Amino acid sequence: MTKRIKTILSGILAAATIFSASACQVDTGKTEESNSGKTSTSVIPEENENAEIQLTVGTLGKADEQSLMQAWINEYQKLNKNVGIKITKNMGGMPEIINWASANALPDIVWTAGDQHSPYSGSGYFQDLSDETVFEGSKEFFGGFYESIIDSTHYSSEDDGIWFVPRDYNRLVIYINVTAFEEAGVEVPGNDWTWDEFISVCKALKKAGAKKAIEWKSWRPVYTTMLTNFGGKYLNDDGSFALESDASKACYDFYTNFYAAKAEDGDPDETALAIKGEGASFKGYAESITGSVPMVVDVRPQLTGYIQAAYNGGWTLDVRAFPNFVQEGGAEGYVGTGCSGYGITKACTDEKKRAEAWKFLKWCMSEKGYDAVAYLGNIVPAIKSMRNSGEWREYAYGDMSVNADAFVAENTKDIFLNYYNVLPNSKQDSFIRLTDGFWDKVSTGKSFSAACSEFKRDFDDLIQ
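Its first residue numbered 172, the sequence shown is counted upward by one per residue in our numbering.
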């Protein structure tokens with residue numbers, strides 16, 4: 172194995188950051204503190220004293236993740252006095268599960284990411300929730316989820332197991348600064364806009380003086396969405412390398428122009444339309460189209476941060492579906508769709524505890540469970556029965572709300588994000604990071620041919 176691959180592997184654990192266990196706050200937009208720009212509404216842990224069954228939970232160490240799980244715990248404990256549930260572990264990422272297991276400290280329930288869980292599920296850290304002899308009613312329960320989300324619960328292309336309960340239905344969307352659009356004299360599109368219309372909107376915003384039209388996340392779901400829309404792919408069904416294609420080159424060249432095109436003869440239509448980022452420029456609107464970035468591509472869990480920024484900044488936020496990249500022949504384009512969720516770990520072997528952990532997660536991902544946490548604003552339910560109903564659609568911050576239809580629009584097709592599942596379980600994490608490295612070369616001056624050749628060389632080293 173080359174030094175390059177060893178470096179990638181060592182980075183897996185190094186990327187895990189430990190978050191403070193004390194931060195469990197979320198601003199719901201319903202308090203006096205919200206109106207003064209403060210963030211002080213906490214979801215305070217509650218306990219069932221003398222509960223017969225005690226469950227432990229490990230979750231992502233971000234404030235909104237902590238608050239979401241704690242809100243579910245509090246409500247469930249009110250309904251089930253015999254159960255006590257406590258968040259005992261905070262994680263920066265899934266690699267920490269390895270350390271917890273080595274120290275015999277795995278919680279009963281652990282947060283999972285749909286596009287990251289495969290190496291851990293395939294290595295035996297979680298229990299197979301599709302086993303009805305242990306998890307009663309699982310077939311009927313999971314039958315209510317979006318199919319694309321259930322696909323992400325398998326750890327390989329041949330696996331039929333379900334290794335975590337999906338929590339949310341996360342399609343890529345475009346957040347829009349309506350105030351900036353109005354100042355630019357550009358009409359806000361509908362959820363049925365096409366990719367060509369999206370590019371036209373970007374050019375109009377640039378012509379009106381925007382610094383860039385959109386903040387484009389350097390993120391695997393976004394890259395995979397665009398690669399699929401252009402007709403490219405990373406791997407064939409047999410696991411062989413597939414990126415060397417005209418379609419993949421077209422996607423790479425698109426990104427090069429999207430980020431770094433130079434204006435010719437002062438024509439704004441020819442300039443770069445996007446910047447790489449995580450939403451900071453979008454949030455930082457300063458009451459002028461000049462120098463602003465009026466759009467950002469992201470997912471529902473980021474809504475609360477964007478709507479708080481809009482409310483406190485005095486501008487109007489809305490959201491639209493990801494634009495339809497119409498395919499050859501007129502078929503709908505594709506959009507990356509993922510989820511987070513919660514697995515029951517191999518440490519939860521006590522029969523009563525395991526049954527209660529299963530009961531708890533089923534309640535969380537029920538209509539009543541989703542409605543119980545809808546006020547937090549960061550969830551699109553993973554169950555199909557709530558596509559067009561439920562309190563999640565009514566979320567507002569102060570007096571501001573957004574178009575809920577954008578999060579479940581049917582203008583595009585969901586795509587499976589776990590493109591690496593055709594590889595052996597032990598190779599998946601490293602391959603994911605090779606794809607990151609490939610896209611990092613966009614707009615650096617490196618050609619597609621050179622970037623693809625380096626990727627292929629690293630891939631060959633990896634699979635040996």
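Every residue, glycine too, gets a C-beta built ideally from N, C-alpha and C. The structure presented is a predicted model; accordingly, all values stated were derived computationally and were not measured.
The alpha helix (DSSP H) enclosing residue i, as first and last residue numbers
i: G476; result: L474 to G484
i: A276; result: A276 -> no alpha helix (DSSP H), and no H or E assigned at all.
i: V372; result: W366 to K378
i: S511; result: Unbroken run through S511 is the beta strand (DSSP E), S511 to I515; no alpha helix (DSSP H).
i: E538; result: E538 to V544
i: E311; result: S309 to F313
i: W529; result: E522 to C535
i: A242; result: A234 to L250
i: Y160; result: Residue 160 lies beyond the residue range present for the chain, which begins at 172 and ends at 635; the question has no answer from this structure.
i: Y423; result: D417 to A431
i: N400; result: R391 to F401
Span of the beta strand (DSSP E), counted from its first residue to its last, around residue i
i: D489; result: L488 to A492
i: M466; result: M466 to D469
i: V254; result: V254 to M262
i: K584; result: K584 to I586
i: I333; result: Segment: none, I333 is in no beta strand (DSSP E) and carries neither H nor E.
i: K447; result: A445 to K447
i: E386; result: I385 to W387
i: A284; result: I280 to A284
Counted within 10 angstroms of its Cβ, other Cβ atoms place residue i as buried (16 or more) or exposed
i: P595; result: exposed
i: D600; result: buried
i: T304; result: exposed
i: L250; result: exposed
i: K523; result: exposed
i: N589; result: buried
i: R342; result: buried
i: R471; result: buried
i: I215; result: exposed
i: S419; result: buried
i: D408; result: exposed
i: S459; result: exposed
i: K383; result: buried
i: D631; result: exposed
i: S292; result: buried
C-alpha gap between residue i and residue j, whole angstroms
i: Y430; j: T461; result: 19 Å
i: N592; j: I586; result: 14 Å
i: P552; j: A621; result: 42 Å
i: T491; j: N221; result: For the record, residue 491 in the displayed sequence is Arg; it is not Thr. Roughly 48 Å between the two C-alpha positions.
i: T259; j: T520; result: 18 Å
i: K559; j: W534; result: For clarity, residue 559 is Asn in the given sequence; the question names Lys instead. The straight-line gap from Cα to Cα measures roughly 20 Å.
i: T170; j: T508; result: Limits of the chain in this structure are 172 at one end and 635 at the other, which puts residue 170 out of reach.
i: I256; j: E538; result: 21 Å
i: F453; j: T395; result: 23 Å
i: F369; j: F609; result: 25 Å
i: S411; j: Y296; result: 28 Å
i: Q241; j: E217; result: 8 Å
i: M397; j: S371; result: 18 Å
i: F425; j: A445; result: 11 Å
i: A413; j: S618; result: 17 Å
i: D469; j: I554; result: 21 Å
i: A284; j: A502; result: 30 Å
i: S463; j: S624; result: 37 Å
i: M536; j: R628; result: 43 Å
i: A375; j: V357; result: 7 Å
i: T230; j: D330; result: 25 Å
i: S309; j: L532; result: 11 Å
i: G380; j: A355; result: 8 Å
i: K378; j: S294; result: 52 Å
CB-CB length for residue i against residue j, believed under 8 Å
i: Y482; j: G569; result: 5 Å
i: Q639; j: K517; result: Since the first residue of the chain shown is 172 and the last is 635, residue 639 is not available in this structure.
i: W486; j: N348; result: 6 Å
i: V467; j: Y346; result: 5 Å
i: L547; j: S238; result: 6 Å
i: L300; j: I268; result: About 17 Å; that fails the 8 Å criterion.
i: S416; j: G403; result: 6 Å
i: D489; j: V573; result: 5 Å
i: V228; j: G512; result: Actually they are not in contact, since the Cβ atoms of V228 and G512 sit about 13 Å apart, beyond 8 Å.
i: Y477; j: G450; result: 7 Å
i: V393; j: A577; result: Not really, about 16 Å apart at Cβ, beyond 8 Å.
i: A351; j: P465; result: 4 Å
i: F401; j: C422; result: 4 Å
i: E223; j: N253; result: 5 Å
i: G448; j: E386; result: 4 Å
Distance cut-off 7 Å: residue i Cβ against heavy atoms of the ligand ZN
i: D542; result: In terms of ligand content, the structure shown is empty, and the ligand ZN therefore cannot be addressed.
Residue-chain proximity (residue i, chain C), Cβ-Cβ < 8 Å
i: I215; result: Going by chain labels, chain C is absent from the structure shown, which holds only one protein chain.
Quiz item: Between the region 271-282 and the region 518-532, do at least 3 Cβ pairs fall closer than 8 Å?
Solution: With a cut-off of 8 Å, the region 518-532 and the region 271-282 count as touching, because enough Cβ pairs lie within range.
Practice problem: Determine, using beta-carbon pairs with one atom in the region 531-547 and one in the region 320-327, whether at least three such pairs fall under 8 Å. | Solution: No, they do not touch.
Quiz item: Given 8 Å as the limit, is there contact between the region 363-371 and the region 492-510, that is, 3 or more CB pairs closer than that?
Solution: Touching, yes.
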